[in-house]
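Novice: Handing you this structure, nothing more for now.
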């Protein structure tokens, strides 16, 4: 039990990352790539009521009455993935969407482009999607880590030995990386 308390900070940091990666894996397993002729889809962008001027919602409707939606933050890196002008001029529209419909009878839109997206783009768009749509859920383990491990952030925290100090330092790095990921996206 003593070593669990000693290493609670790195363990909770690992739980934070594992939780995020499990959500990523679940979402990546539930996607499909589809394409439409540009004449078969209608793309609408409107300001979202959730964050006002800081976000917008993209809705793609098809002739078959299928609806694909996604929320984007206005001041985030995730906007770098979408170019509405290119999409309006494109001959075909490629989308990465959820396999199943949501409760609102819409498909979740993970990515949209004028060309077939590669694996790397899908991966980064999925990170963006998770952070935009599941922020509170993915931050919960991090918040718990920061609340439970307040002692580790104090100036007078005593390391047991050199390996313990390295593990705690690595935990600081991974928590900072997680916070930076959220801030960027």
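Residue numbers (our numbering): 1 to 185. Glycine included, every Cβ here is placed at the ideal spot set by N, Cα and C.
When you compare the CB positions of residue 151 and residue 157, do they come within less than 8 Å of one another, or not?
Specialist: yes
Novice: Considering only the beta carbon of each residue, do residue 130 and residue 27 sit closer than 8 Å?
Specialist: yes
Novice: In the structure shown, what three-state DSSP assignment does residue 129 receive?
Specialist: Helix at residue 129.
Novice: Helix or strand or just coil, what does DSSP make of residue 93?
Specialist: strand
Novice: Give the secondary structure of residue 85 by DSSP, where H, G and I count as helix, E and B as strand, and everything else as coil.
Specialist: helix
Novice: Rounded to whole angstroms, what is the Cα-Cα separation between residue 145 and residue 138?
Specialist: Distance between the alpha carbons of residue 145 and residue 138: 12 Å.
Novice: Work out the CA separation of residue 171 and residue 162 for me, nearest whole Å.
Specialist: 14 Å
Novice: Would residue 40 pass as a contact of residue 6 if the rule is Cβ separation under 8 Å?
Specialist: no
Novice: Could you tell me how far apart the beta carbons of residue 16 and residue 124 are, in whole angstroms, since I believe they sit closer than 8 Å?
Specialist: Contact flag wrong, Cβ pair sits at about 20 Å.
Novice: Can you tell me the Cα-Cα spacing of residue 37 and residue 13, whole angstroms?
Specialist: Each residue's alpha carbon lies about 45 Å from the other.
Novice: In whole angstroms, what is the alpha-carbon distance linking residue 149 and residue 20?
Specialist: 19 Å
Novice: Using the rule of at least 16 other Cβ atoms within 10 Å of the residue's Cβ for burial, across every protein chain shown, is residue 22 buried or exposed?
Specialist: Residue 22 is exposed by the Cβ-count criterion.
Novice: What's the call for residue 135, buried or exposed, on a 16-neighbour Cβ count within 10 Å?
Specialist: exposed
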